[in-house]
Amino acid sequence: MAAPVRFANLPDYAFPRLRRLLDGHAPGGEPIAMSIGEPTHPMPPFVGEVIAANLQGFATYPPNEGTPELLDAISGWLGLRYDVAVGPERLLALNGTREGLYNVAMALCPEEKAGGRPVVLIPNPFYQVYMVAALSVGAEPVFVPATAESGHLPDYASLPPAMLDRVAMAYVCSPANPQGAVADRAYWTTLLRLAERHDFRILADECYSEVYREAPPDGALAAAKALGADPERVIAFHSLSKRSNLAGLRSGFAAGGPEAIARMRQLRSYAGAPLPLPLQRVAERAWADEGHVAASRALYQEKYRIADEVLGDVPGYEPPRAGFFLWLPVEDGEDAALRLWREAGVRVLPGAYLAKDAGAGNSGQGYIRVALVAGASDVRRGLGLLRDVLYR
318 MAAPVRFANL PDYAFPRLRR LLDGHAPGGE PIAMSIGEPT HPMPPFVGEV
368 IAANLQGFAT YPPNEGTPEL LDAISGWLGL RYDVAVGPER LLALNGTREG
418 LYNVAMALCP EEKAGGRPVV LIPNPFYQVY MVAALSVGAE PVFVPATAES
468 GHLPDYASLP PAMLDRVAMA YVCSPANPQG AVADRAYWTT LLRLAERHDF
518 RILADECYSE VYREAPPDGA LAAAKALGAD PERVIAFHSL SKRSNLAGLR
568 SGFAAGGPEA IARMRQLRSY AGAPLPLPLQ RVAERAWADE GHVAASRALY
618 QEKYRIADEV LGDVPGYEPP RAGFFLWLPV EDGEDAALRL WREAGVRVLP
668 GAYLAKDAGA GNSGQGYIRV ALVAGASDVR RGLGLLRDVL YR
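Be aware that the sequence shown starts at 318, since it is given in this note's numbering, and climbs by one per residue.
Take a look at the structure:
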């Protein structure tokens with residue numbers, strides 16, 4: 318097995334890099350935060366009430382895998398949302414999905430595959446935890462372009478068969494962060510068949526699944542059910558952070574085959590931090606309630622319309638199908654972000670901070686990521702200033 322990563326040698330996370338880029342410069346107007354994907358819509362109204370009613374639960378150790386009631390609520394939601402039957406033995410409550418997206422590699426990645434170092438496939442741009450998870454287990458991270466030419470999703474089937482034979486895991490983010498692309502049934506089916514042929518697991522990061530423009534995005538579990546795939550082939554990850562505007566609750570879940578979940582539970586019993594019991598009670602209520610989700614989604618749909626109105630005639634603008642980011646073309650992302658901050662006080666993230674130079678240049682270099690998390694009036698003002706600075 319390859320030596321584990323030395324964490325001192327990891328590249329900086331995106332937001333410390335952004336602070337270094339911008340914080341030495343005064344904003345050119347009243348600041349508007351459009352860089353980080355932190356929801357600002359109202360939390361569900363029952364949060365405080367549920368915590369207060371279960372306050373004594375902070376005095377006890379919480380169930381590691383999730384309360385039976387929470388697992389039942391998640392199972393019920395998966396049945397309603399994707400028409401799949403996933404019992405409690407196939408579920409693991411998480412202290413935020415970042416925990417699961419990292420620990421899935423720790424629990425399940427083999428030491429070698431096809432006689433060599435295992436490969437972990439990662440879309441490029443990507444959520445940095447995918448890369449760190451691969452490096453932590455001594456796997457080789459392979460970054461596959463997710464550009465306009467591939468529909469902003471990685472074309473894993475285009476890789477050489479010899480490499481695919483070494484693949485142990487493949488991350489997919491749908492709806493995609495940052496591009497807002499959605500994997501449809503045909504994409505999932507193709508990937509599932511590829512995974513069956515080359516014997517690897519699909520890690521489906523679906524944390525933005527409930528923020529969408531029109532049709533609900535399809536899911537990996539539903540595609541696996543329709544294809545009759547091995548239940549161990551897919552592990553799906555979901556979160557309340559975006560769905561329910563509860564980023565600080567740190568509550569999500571993993572759903573997969575019983576063997577995979579048992580191994581992840583075993584690791585978690587040694588190295589995990591289960592969600593406090595009162596917060597699990599909040600999560601139970603949140604997964605069982607769709608009213609607050611629909612209300613929040615309507616606010617995002619209004620902001621999609623604002624973005625289309627303000628930026629619709631900008632060359633290269635692609636309306637996102639889902640999620641709450643715009644992936645806007647610019648000549649150079651760092652230069653554009655600095656200009657926006659210095660001239661207008663609008664804070665956005667250079668696309669290069671979310672991607673890696675994988676041999677053909679950094680696929681995010683010519684983009685900025687713009688978060689539509691502020692209120693509609695601030696989004697309209699921020700996008701108007703952005704247009705004036707960058708596209709006049």
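Think of the CB as a built atom: it goes at the ideal place given N, C-alpha and C, for glycine as much as any other residue.
For I353, the three-state secondary structure derived from DSSP is coil. Per DSSP, the beta-bridge partners of A688 are F642. Runs of beta strand (DSSP E) with 3 or more residues, each lying fully within the region 536-612, are found at 551-556, 569-572, listed in chain order. Residue burial annotation: D522 is buried, with at least 16 other C-beta atoms found within 10 angstroms of its C-beta.
Here R659 is not bridged, per DSSP, to any residue. The C-beta of Q597 has 16 or more other C-beta atoms within 10 Å across all chains shown, which makes the residue buried. The beta strand (DSSP E) runs of length 3 or more contained entirely in the region 412-500 are, from start to end of the chain, 436-441, 457-462, 484-490. Nearest neighbour of S694 by Cα position, chosen from E635, L657, L616, turns out to be L616. In the three-state reduction of the DSSP assignment, R518 falls in the strand class, which pools E and B. Excluding the 5 residues flanking it on each side, W505 has same chain C-beta neighbours closer than 6 Å at A537, A540, in chain order. Under DSSP, A410 takes part in a beta bridge, and its partners are F570. At a Cβ-Cβ threshold of 7 Å, P492 and Y525 count as neighbours. If you compare the alpha carbons of P427, H469, D482 with that of A672, the shortest gap goes to H469. DSSP, read as helix, strand or coil, puts Y708 in coil. Contact between the region 351-358 and the region 680-698 is present: 3 or more CB-CB pairs across the two stretches fall below 8 Å. The alpha carbon of D674 has as its nearest neighbour, out of P458, R336, F375, the alpha carbon of P458.
With contacts defined as CB atoms closer than 7 Å, G699 and V663 qualify as a contacting pair. The Cβ-Cβ distance between V706 and I623 does not fall below 7 Å. For F332, the enclosing alpha helix (DSSP H) stretches over residues 331-339. Within the same chain, and ignoring the five residues on either side of N371 in sequence, the residues whose Cβ sits closer than 7 Å to its Cβ are L594, P595, R598. For A532, no alpha helix (DSSP H) segment is defined, and its DSSP state is neither H nor E. Beta-bridge annotation (DSSP): L666 is paired with R686. Within the same chain, and ignoring the five residues on either side of Y399 in sequence, the residues whose Cβ sits closer than 6 Å to its Cβ are G536, L538, A539. In this structure A485 touches V436 by the C-beta definition: roughly 7 Å separates them, less than 8 Å. Ranking A603, E651, L702, A661 by CA distance to the CA of F332 puts E651 first.
Inclusion of H342 and R659 in the CB contact set at 7 Å is warranted, their separation being smaller than that value.
DSSP places V364 in the uninterrupted alpha helix (DSSP H) bounded by 364-370. Around the CB of L397, fewer than 16 other CB atoms lie within 10 Å, so the residue is classed as exposed. Within the model, the alpha-carbon separation for N679 versus K430 is close to 28 Å. The three-state secondary structure of D400, taken from DSSP, is coil.
D674 has N679 as its beta-bridge partners, per DSSP.
Inter-residue distance for R334 and S352 is about 12 Å (C-alpha atoms, whole angstroms). The C-alpha of L520 is placed about 16 Å away from the C-alpha of K542. One Cα belongs to H555, the other to E386, and the distance between them is close to 17 Å. From the listed residues A603, Q682, Y621, the smallest Cα separation to V367 is found for A603. Between V610 and R560 a beta carbon distance of about 6 Å is seen, short of the 8 Å cut, so the two are scored as contacting.
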